[in-house]
Amino acid sequence: LRFANQALAELWDRNSISEIHITMAEDFGVEDRGKFYDAVGALRDVVLNHLLQVLALVTMEPPVGSSADDLNDKKAEVFRAMAPLDPDR
Numbered sequence: 163l164r165f166a167n168q169a170l171a172e173l174w175d176r177n178s179i180s181e182i183h184i185t186m187a188e189d190f191g192v193e194d195r196g197k198f199y200d201a202v203g204a205l206r207d208v209v210l211n212h213l214l215q216v217l218a219l220v221t222m223e224p225p226v227g228s229s230a231d232d233l234n235d236k237k238a239e240v241f242r243a244m245a246p247l248d249p250d251r
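My numbering numbers the first residue of the sequence shown as 163 and each following residue consecutively.
Given below as structure tokens:
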């Protein structure tokens with residue numbers, strides 16, 4: 163949507179946005195996912211799967227084409243451009 167809308171595309175770039183906060187708030191517990199989380203872990207399921215996907219999609223530059231490889235290349239650029247996390251921060 164943001165790549166198809168020129169007005170939005172001009173506002174949604176690194177020069178116009180200083181920071182992004184992504185929050186995943188659930189109003190339910192693990193419920194019947196306990197075995198899954200024991201095997202996979204919440205970090206791997208939620209952060210490495212869903213939250214990083216959201217981060218990449220909202221921060222990536224427009225892909226050069228419409229193939230999955232084009233999309234993945236732009237998402238990979240996002241992660242290569244990120245500074246490593248400071249564990250003391």
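A virtual CB, placed ideally from N, CA and C, is assigned to each residue, including glycine.
- Uninterrupted alpha helix (DSSP H) stretches at least 4 residues long and entirely within the stretch 185-216 occur at 196-202, given in chain order.
- Using a Cβ-Cβ distance cut-off of 8 Å, the stretch 232-240 and the stretch 215-222 are in contact, since at least three pairs of beta carbons, one from each stretch, lie closer than that value.
- Distance from Leu213 to Ile184 at the Cβ level is roughly 6 Å; contact confirmed, criterion being Cβ atoms closer than 8 Å.
- Arg164 and Leu170 do touch by the CB rule: their CB atoms are close to 5 Å apart, below 8 Å.
- Following the DSSP letters along the chain, one finds Phe241 inside the alpha helix (DSSP H) bounded by residues Ala230 to Ala243.
- Around the beta carbon of Met244, fewer than 16 other beta carbons sit within 10 angstroms, so the residue counts as exposed.
- Taking the Cα positions, Ser178 is about 25 Å away from Arg251.
- For Arg242, the closest C-alpha among the options Asp194, Trp174, Glu223 and Asp207 is that of Glu223.
- In the three-state reduction of the DSSP assignment, Glu172 falls in the helix class.
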